[in-house]
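**Q**
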Amino acid sequence: MPLSFHAYRLPLAVPYRWAKGAQTERAGVVVQVVLEEAEGWGEVAPPPHEAVDEAALIRRAREAVAGLAVEDPRFLDLLDARDVPARIRCGVATAWLSARAAASGRSLSALLAGEAEPARQVGVNGLV
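The numbering of the sequence shown is this note's numbering, which starts it at 9 and goes up by one.
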């Protein structure tokens, strides 16, 4: 299947404590795109303070991409023409772009950089 969604719910090894309480698990959906035998992965991860209904999230994600072909080079433009929640769009787009990169034998950063040299370092916050 060229596009699939996989729910997850995982306990955190250490509770994440923040202003709105403590989070003891993380839930969401992993997106898989297969293009030309190359796989790409993305994640739809609602914020920690929102309850996650994985089945409903998968239904909404499937509705967002219904009728679209991941093989179409206009896939992201066609997705953008729909009313898709940003987190779902991000997960699907990341999976699609990483599959395109893998199919072309390049890294995702090289695909996104185009003709430019991809960054060698990216600053991140302490939660990663």
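Each residue gets a CB set at the ideal place from its N, CA and C atoms; glycine is no exception. Computed from a predicted model, the values in this text were never measured in an experiment.
Starting from V41, trace the beta strand (DSSP E) both ways and give me its first and last residue.
**A** First-last of the beta strand (DSSP E) with V41: 29-43.
**Q** What do you reckon, are the CB atoms on G29 and V60 nearer than 8 Å?
**A** Not closer than 8 Å, so no.
**Q** Using only CA atoms, which one of A111, P126, A15, P56 lies nearest to A27?
**A** A27 has its Cα closest to that of P56, out of A111, P126, A15, P56.
**Q** Figure out for me which residue from E45, V22, E44, L43 has the closest Cα to the Cα of R34.
**A** R34 has its Cα closest to that of V22, out of E45, V22, E44, L43.
**Q** On the three-state DSSP scale, how would you describe A46?
**A** Here A46 sits in strand by DSSP.
**Q** Taking the Cβ atom as the reference point for each residue, do F13 and R70 lie within a distance shorter than 8 Å?
**A** Yes, these two residues count as a Cβ contact at 8 Å.
**Q** Quick one: residues in its chain with C-beta nearer than 6 Å to the C-beta of A118, no 5 flanking neighbours on either side, listed in chain order?
**A** Cβ neighbours of A118 beyond the five flanking positions: P126.
**Q** In terms of DSSP beta bridges, what is S12 paired with?
**A** BP columns for S12 point to Q40.
**Q** Check whether the Cβ atoms of E47 and A107 lie closer than 8 Å to each other.
**A** Result yes, Cβ atoms of E47 and A107 sit closer than 8 Å.
**Q** So what's A21 in DSSP terms, helix, strand or just coil?
**A** Residue state, collapsed to three classes: strand.
**Q** Let me know if G113 comes out buried or exposed under the rule of 16 or more other beta-carbons within 10 Å of its beta-carbon.
**A** Exposed, by the Cβ-count rule.
**Q** So what's E62 in DSSP terms, helix, strand or just coil?
**A** DSSP places E62 in helix when its eight states are reduced to three.
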